[in-house]
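Here the sequence shown stands for residues -19 to -1, 1 to 464, numbered as in mature numbering (1 follows the signal peptide of the UniProt record, and there is no 0).
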Amino acid sequence: MKSNLLILIFSLSSLICLSQVGIGTTTPDPSAILDITSTDKGVLVPRVSLNDVTDISVATATIPNPTDGLLVWNTNASTIGGTGIGFYYFLGTRWLPITKQNNTLDQAYDETGAGAGRIITADAGAVKIAGTDGFFVTGTFGSGTTIEESGAGTRMFFNPRKAAFRAGFVNGAQWNDANVGNYSFAANRNNIASGAMSFAVNDGNIASGNNSASFGRDNISSGLTSFSTGAGNTAFGENSFVGGSGSSALGNNSVAFGQSNVANSFTEVVLGNYATIGTLSNVNSNTQFFSTDRALAIGIGTSTTTRKNALEVFKDGRVRINEAYTLPTTDGNNGQTLVTDGAGNVSWRDANNSAIVSLTLFATNTTYNLTSSTTTLIPGVESGIVPSIYDTNGNLQVKLVIRYTASTGTSQFRLRARDGVNTIFPITFTDAKTFTGTTTGGIAQSGWLNWNAGNITPYELALQATTTGNFTIENVYLLVRAQ
C-alpha cells in the first residue's frame, strides 16, 4: 500500500513540474502549453448555434458572458450580423467570424461589424483593379446615406442616392451634399454642379440650373438648360448661351459672345466687343417677344464706358448702322433711292432727275486769301435766288462747290441766306467739308442738302468761312435743283 502511494505522488509531481502537455506525443513543442499530435484525427471544438453576434446577455445568450478568445464552431447559417456557419471567436462585445481565404468583398466590408471594413488606406501604392472586366457600382436612387466627406480636399466619389459623380479637387464646400445635384457631374477643380442633370468641369464654374452645363473658368450657368464657356461669363436666361469673357446672356434663348457683352432681351444675340446694352421696352422683355426690343448687336466698343455698335437689328425689322443711320423697314418702289435727312434717319425717295442749275457766287481773276479764325463774310461771294423758279413750292436741294489753290490748317464754310428780315443757313459749317492739313489745291464741296425755302420770298446769298491757317479761294458755285 505504501509503495502504491509513493508511485502516485511521484507521478503527480512529475506532471506539475512539466510546462507542456503532449497528447499523442512524448515530446510536446516547448512553445505550446498543449501539443496534440495525430496523423489521422483532429480537434473538435464545441459546436453551438449563435443567434446574434452581439447577444451575450446572461438570460438569453447561447453562451452567457463569454470571455475574450473563446472559440466555437457556429452551426447557425442565419446568425444576425454574422457570416453564416464557421469558426467564431469572442472579442470585447461581439462574436467575430474567423476570416476565410475566399472571403467576398461584402464579407470583408462587414468583417468586424456592419460597414467596419469599408475603408482602404492606400499608403503603399495605388489600389488597382486588374483584369478585363472593369469596375461596376450599383445603388438605389433616393436611398442610402449622405456621403460623409465634406469641405476641402482631393477626392473621387459616386453617390447612388443622388446618382451623382465627383472627381478632382475643391478648396471649400463645393462638393458638400447641398451642392450635389441629382444626376449631376463635376470634375477637375472647384466646380459646382448643384442643378439636377447639371455638368461642370475645368476651374471654378457653377452649373446651378437644371440641365445646365459650364466649362472654362469662373462661369455661371443658372438658367434652365443654360450653357456657359470662356471666362467670367453668366448664362442666366433659360436656354441661354454665353462665351468669351465677362459677358452675360440674361434673356431666355439669348446668346452673348465676345468681350463684356450683355444680351438682356428674349432671343437677343450680342457679338463682338463691348456692345451697348439694349434698352428693354417691357418688364417682361427678357422672357417674351416685344417688337421694339433689339434682336442683334455687333459691338466695336473699347471698354465698359465706351460701348459702341457697328450694327443693330431690331425685332420689328429696323437696322441701325454705326449708331448713326436707321434703315427703313419697308422696301422702296422701283427707281427709288435711300436718302438721309442728316439726323440718322434714312428713307426711300424717288430719284431726283431735276435739272441742276449752277449759280456763280464768286468768279474773278483775283483769288481771295482766307486767313481769319473768326467767322468771316467772304467779299464778292454773293448772289440772289428765287426758290419758286426751281420748284413751285420752293423745296430745293443745294450743293456748295469751292475751287481753291492752297490750304493749310483747318477751314470751314457755310451758306448764308437772307430774306430782308431773317437770316438762315441752308448749308452749315457742319454740312460743308472741313479741310485739315496742307494741300496744293482742289475742289471742296458739300453734299446735296434739302432747303425748304418756300415759294414767296427771294433770298440774298453769301458765303461765310473760318480758318486756322490759310485758304486761297479761286471760284465758288452753288448748285440748285428741285427736291
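Yeah, the Cβ is synthetic: ideal placement off N, Cα and C, and Gly gets one too.
Per the C-alpha coordinates, the member of V294, G313, G316 positioned closest to Y306 is V294.
For the set E363, T121, G450, the Cα lying nearest the Cα of E441 is the one of E363. CA-CA distance, F166 to G185, rounds to 14 Å. In the assembly as shown, F238 is a buried residue. Its beta-carbon has 16 or more other beta-carbons within 10 Å. For K296, the CB contacts under 6 Å within the same chain, skipping 5 residues up- and downstream, are S272, D274, A276 in chain order. Between A42 and D49, the C-beta spacing is not below 8 Å. From the listed residues A159, F138, K143, D158, the smallest Cα separation to G149 is found for F138. Of all C-beta pairs linking the region 45 to 64 to the region 16 to 24, fewer than three are shorter than 8 Å, placing the two stretches out of contact. Assigned with DSSP and collapsed to three states, I100 falls in coil, not helix or strand. Sorting I258, N200, S235 by C-alpha distance to the C-alpha of V250 places S235 at the top. In terms of CA proximity to I337, V379 leads the group V379, T352, G428.
Excluding sequence positions up to five before and after S203, its CB lies within less than 6 Å of the CB of S189, G190, F217, all in the same chain and listed in chain order.
The residue among V24, I4, I110 with its C-alpha nearest the C-alpha of D16 is I4. Taking every protein chain shown into account, the CB of G106 has fewer than 16 other CB atoms within 10 angstroms, so this residue is exposed. With 16 or more other Cβ atoms inside 10 Å of its own Cβ, L444 counts as buried.
In this structure, T447 keeps its C-beta atom at 8 Å or more from the C-beta atom of T348. Around G176, the same chain offers G162, A188, S189, G190, N191, S193 as residues with beta carbons nearer than 6 Å, after the five sequence neighbours per side are excluded. Non-local beta-carbon contacts of S266 in its own chain, meaning distances under 6 Å to residues more than five positions away in sequence, involve S246, D274 in chain order.
Its Cα nearest to that of T121, the residue R142 stands out among D104, D114, R142.
DSSP places P309 in the coil class of the three-state scheme, outside both helix and strand.
In the structure shown, the three-state DSSP call for P368 is helix. Under the DSSP assignment, K289 falls outside any beta strand (DSSP E); it carries neither an H nor an E label. Residue ranges of uninterrupted beta strand (DSSP E) with 3 or more members, entirely inside the region 50 to 87 and ordered along the chain, are 52 to 55, 67 to 72, 75 to 78. Relative to the Cα of N456, the nearest Cα in the group N433, V367, I359, A434 belongs to I359. For Q445, the beta-bridge partners assigned by DSSP are L358, R395.
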